[in-house]
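Notes to accompany the following structure.
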Amino acid sequence: MLTFNESDPKLVNIEAKITLQDSLLSMSENGPVPHRWPQYIKNLEITDKNGKSIRYQKRDSTAWFVDNAYNGKRINLHYDVKIDHEDKNWPGGIDGVAFVRDWGVMASGRALFITNGDENKNIEIYYKKSDNWKVSAPWEQKGENRYTATNQWKLLESLMFVGTHKEVNLKREEFTLTFVLGGNSILKNEESYTANATKVLDYYIDLMGGIPKSAPGNELSKAMVIINEGEQIDGEVIGDDISIFLNPNAAPQEQVFGWFLFAHEFFHLWNGKSLRFQDTSTDWFKEGITNYYTIKSLYNTQIVNEEAIKGVMNNLFYNRYINDSGLGSLAPADAASPLLKDNHWGLVYGGGLFAGLCMDMEIRHNTQNQKSLDDLMQFFYNNMAGTDASIANKDIIDKTNELGKTDFTPFMNSYIKGVKIVPLKEYLKFAGIEVSTQNKQLSLIHLKDKTLLQEQMWLGFLGIKI
Numbered sequence: 018m019l020t021f022n023e024s025d026p027k028l029v030n031i032e033a034k035i036t037l038q039d040s041l042l043s044m045s046e047n048g049p050v051p052h053r054w055p056q057y058i059k060n061l062e063i064t065d066k067n068g069k070s071i072r073y074q075k076r077d078s079t080a081w082f083v084d085n086a087y088n089g090k091r092i093n094l095h096y097d098v099k100i101d102h103e104d105k106n107w108p109g110g111i112d113g114v115a116f117v118r119d120w121g122v123m124a125s126g127r128a129l130f131i132t133n134g135d136e137n138k139n140i141e142i143y144y145k146k147s148d149n150w151k152v153s154a155p156w157e158q159k160g161e162n163r164y165t166a167t168n169q170w171k172l173l174e175s176l177m178f179v180g181t182h183k184e185v186n187l188k189r190e191e192f193t194l195t196f197v198l199g200g201n202s203i204l205k206n207e208e209s210y211t212a213n214a215t216k217v218l219d220y221y222i223d224l225m226g227g228i229p230k231s232a233p234g235n236e237l238s239k240a241m242v243i244i245n246e247g248e249q250i251d252g253e254v255i256g257d258d259i260s261i262f263l264n265p266n267a268a269p270q271e272q273v274f275g276w277f278l279f280a281h282e283f284f285h286l287w288n289g290k291s292l293r294f295q296d297t298s299t300d301w302f303k304e305g306i307t308n309y310y311t312i313k314s315l316y317n318t319q320i321v322n323e324e325a326i327k328g329v330m331n332n333l334f335y336n337r338y339i340n341d342s343g344l345g346s347l348a349p350a351d352a353a354s355p356l357l358k359d360n361h362w363g364l365v366y367g368g369g370l371f372a373g374l375c376m377d378m379e380i381r382h383n384t385q386n387q388k389s390l391d392d393l394m395q396f397f398y399n400n401m402a403g404t405d406a407s408i409a410n411k412d413i414i415d416k417t418n419e420l421g422k423t424d425f426t427p428f429m430n431s432y433i434k435g436v437k438i439v440p441l442k443e444y445l446k447f448a449g450i451e452v453s454t455q456n457k458q459l460s461l462i463h464l465k466d467k468t469l470l471q472e473q474m475w476l477g478f479l480g481i482k483i
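With our numbering applied, the sequence shown corresponds to residues 18 to 483, in that order.
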């Protein structure tokens, strides 16, 4: 039972009934600094099924030992969670931390739940809150203020909002995208946000050929996008849920960045959740290709125009790529290892985007624009989505070679597994685009007297089907 109190929103009371698998109680190991989660737990009490107090001791900063524990023993937990996470700086952004706003409380499973073992399934969650507050949670709803998480991962890797926010549900087949809108300025723009999100959702479904499909045992039937009013644009994904801060009064380019965050994280429900990858050496594809389709989706929803796309390609991606400290010495395929990725965004996200662009142009050029990177994504979706299969770099190149009637292995060895700078000029010429990189600035200029094929390939780059 989670109790949220409108008069004291910075304190959440939690009561839990647990059947022990071992003697260790702990919190999520996810997030850049997971040892912080227990720091917000206050007044922890443990009792047996008869209400008798059970002693416990801290193992370290991240976990507790329960005295006289044994497999199958039933215990009750009582504790408070102090919601003042924002008083500290967190690496990389908001990272699933809990916070309070005038319109309610947002929290993650990471920040709230103490668990035991890892085999727990069909976990029931109950909410108690003020009558004028409502609950938005990603799990299957079983009744008023009552939900069931299919497993412990779904419990911990989740976001929720409890307050006076507004919820909008977009349903496509067995999949529901739930929008949670918080803050007066956000609610004033509800119609625009909902319309844009609907277009992005439908673009991705049409592109891939279906709704998101997770691996067996981790079915994806619902995802939440929580949009809160904020001065700074920020965003993240926790599990299958997305959190974004938007400022409707910010400059237009900042608004575009907010939508870019949404569209990028949202496409990961396909490229990252439905399609899963063998290891971090394929992150150039998972992140870079997601950027590629993010750009296409925003153009097709008319959130951005062609000039804005050129601006993003230069000011964000090329700038971060060409100035990455690892450029020329570190391969994009190696730059996404856990210890390196945060410091080499340009190689992974920018280098991956540019590599994917080149692959797309090569396929389109060799097939008279009859095949493209879209066909590669659809092949993976049709054959691997919803399965335990994972994609390796060899799978990507083998299918690219087949679709493009080419051999992309040297490209892979030079620009993805190697350290050479991706030669955009050689490939964008197929779309009638002259590329200039003087002074480390990427400029894309349309050639005069383009051929019909070149024009069609440029439209393909923008995501328009011919």
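Virtual Cβ for every residue (Gly too), placed ideally from N, Cα, C.
For residue i and residue j, what's the separation of their Cα atoms in angstroms?
i: ASP101; j: ARG127; result: 14 Å
i: THR468; j: GLY449; result: 8 Å
i: GLN270; j: VAL242; result: 21 Å
i: LYS90; j: TRP81; result: 16 Å
i: TYR73; j: TYR143; result: 25 Å
i: PHE284; j: TYR221; result: 7 Å
i: SER45; j: ALA115; result: 14 Å
i: LEU356; j: GLU157; result: 36 Å
i: HIS95; j: PRO155; result: 24 Å
i: ASN386; j: ASP359; result: 36 Å
i: ILE462; j: GLU451; result: 5 Å
i: SER40; j: ILE63; result: 12 Å
i: GLU23; j: GLY160; result: 22 Å
i: MET401; j: LEU292; result: 6 Å
i: TYR164; j: TYR87; result: 28 Å
i: SER202; j: TYR210; result: 11 Å
i: VAL50; j: GLY252; result: 18 Å
i: LEU476; j: LEU37; result: 58 Å
i: VAL29; j: GLY134; result: 23 Å
i: ALA124; j: LEU172; result: 12 Å
i: TYR57; j: MET225; result: 42 Å
i: GLU136; j: SER153; result: 25 Å
I think residue i touches residue j, with their Cβ atoms under 8 Å apart; what is that distance to the nearest whole Å?
i: MET474; j: PHE447; result: 6 Å
i: LYS484; j: LYS34; result: The requested residue 484 is not part of the displayed model; the chain covers only 18 to 483.
i: ASP300; j: ALA372; result: Not really, about 12 Å apart at Cβ, beyond 8 Å.
i: PHE279; j: ILE259; result: 7 Å
i: GLU207; j: LEU218; result: Contact flag wrong, Cβ pair sits at about 16 Å.
i: ALA325; j: VAL273; result: 6 Å
i: LYS388; j: GLY421; result: 7 Å
i: VAL185; j: PHE21; result: VAL185 to PHE21, Cβ: 21 Å. No contact.
i: LYS216; j: THR318; result: 4 Å
i: TRP276; j: ASN331; result: Incorrect: roughly 18 Å between the Cβ atoms, too far for contact.
i: SER238; j: GLU191; result: 6 Å
i: TYR15; j: LEU374; result: An answer regarding residue 15 cannot be provided, because it is not within the stretch 18 to 483 covered by the chain.
i: SER298; j: ASN168; result: No, SER298 and ASN168 are not in contact; Cβ-Cβ is about 28 Å, not under 8 Å.
Among the options, whose alpha-carbon lies nearest the alpha-carbon of residue i?
i: THR195; options: SER202, ASN201, HIS182 and LYS205; result: HIS182
i: THR132; options: TRP54, ILE222, GLY480 and LYS313; result: TRP54
i: ASP415; options: ALA406, PHE21, SER431 and PHE397; result: PHE397
i: ILE408; options: LEU393, GLY421, LYS422 and PHE116; result: LEU393
i: ASP341; options: LYS437, PHE279 and ILE255; result: LYS437
i: THR384; options: ALA353, THR423 and GLY403; result: THR423
i: VAL117; options: SER238, ASP84 and GLU246; result: GLU246
i: GLU32; options: ASN93, SER209 and TYR310; result: ASN93
i: PHE130; options: GLY199, GLU136 and MET18; result: MET18
i: GLY480; options: PRO427, VAL321 and GLY403; result: VAL321
i: ILE255; options: TRP170, GLN319 and THR215; result: TRP170
i: LYS486; options: ASN47, ASP104 and ASN88; result: Outside the displayed span of the chain (18 to 483) sits residue 486, for which this structure offers no information.
i: LYS482; options: ASN399, LEU344, TYR316 and ASN331; result: TYR316
i: PRO229; options: ILE203, THR193 and GLU23; result: THR193
i: TYR425; options: SER389, LYS442, GLU379 and LEU459; result: Note that residue 425 corresponds to Phe in the displayed sequence, not to Tyr. Closest by alpha carbon: GLU379.
i: TRP287; options: LEU374, TYR57 and SER231; result: SER231
i: ASP405; options: PHE302, ASN235 and HIS281; result: ASN235
i: LYS303; options: GLY121, ILE413, LEU344 and LEU224; result: ILE413
i: LYS151; options: MET177, ASP135, LEU173 and ASN168; result: MET177
i: SER43; options: VAL83, ILE312, GLY435 and GLU472; result: VAL83
i: GLY435; options: ASN399, LEU464 and ASP351; result: ASP351
Item to check | Ranges of the alpha helix (DSSP H) found wholly within the stretch 349-401, counting only runs of at least 4 | outcome: 368-383 and 390-401
Checklist entry - Going along the chain, which unbroken runs of the alpha helix (DSSP H) with 4 or more residues stay wholly within the stretch 266-306? => result 269-284
Item to check | Contact the stretch 365-377 vs the stretch 329-336: 3+ CB pairs below 8 Å | outcome: yes
Item to check | Length-filtered (4 minimum) alpha helix (DSSP H) runs lying within the stretch 185-233 | outcome: 201-205 and 207-225
Next on the checklist: For the structure I just gave you, are there three or more beta carbon pairs, one from the stretch 252-270 and one from the stretch 299-318, closer than 8 Å?
Outcome noted: no
Item to check | Secondary structure, beta strand (DSSP E): runs of 3+ residues fully inside the stretch 27-69 | outcome: 28-36, 41-43 and 58-65
Item to check | Runs of alpha helix (DSSP H) lying entirely within the stretch 311-353, each at least 4 residues, in chain order | outcome: 323-329 and 336-339
Item to check | Ranges of the beta strand (DSSP E) found wholly within the stretch 64-98, counting only runs of at least 3 | outcome: 73-75 and 80-83
Checklist entry - In chain order, which beta strand (DSSP E) runs of at least 3 residues are fully inside the stretch 110-163? => result 116-118, 121-125, 138-145, 151-153 and 157-160
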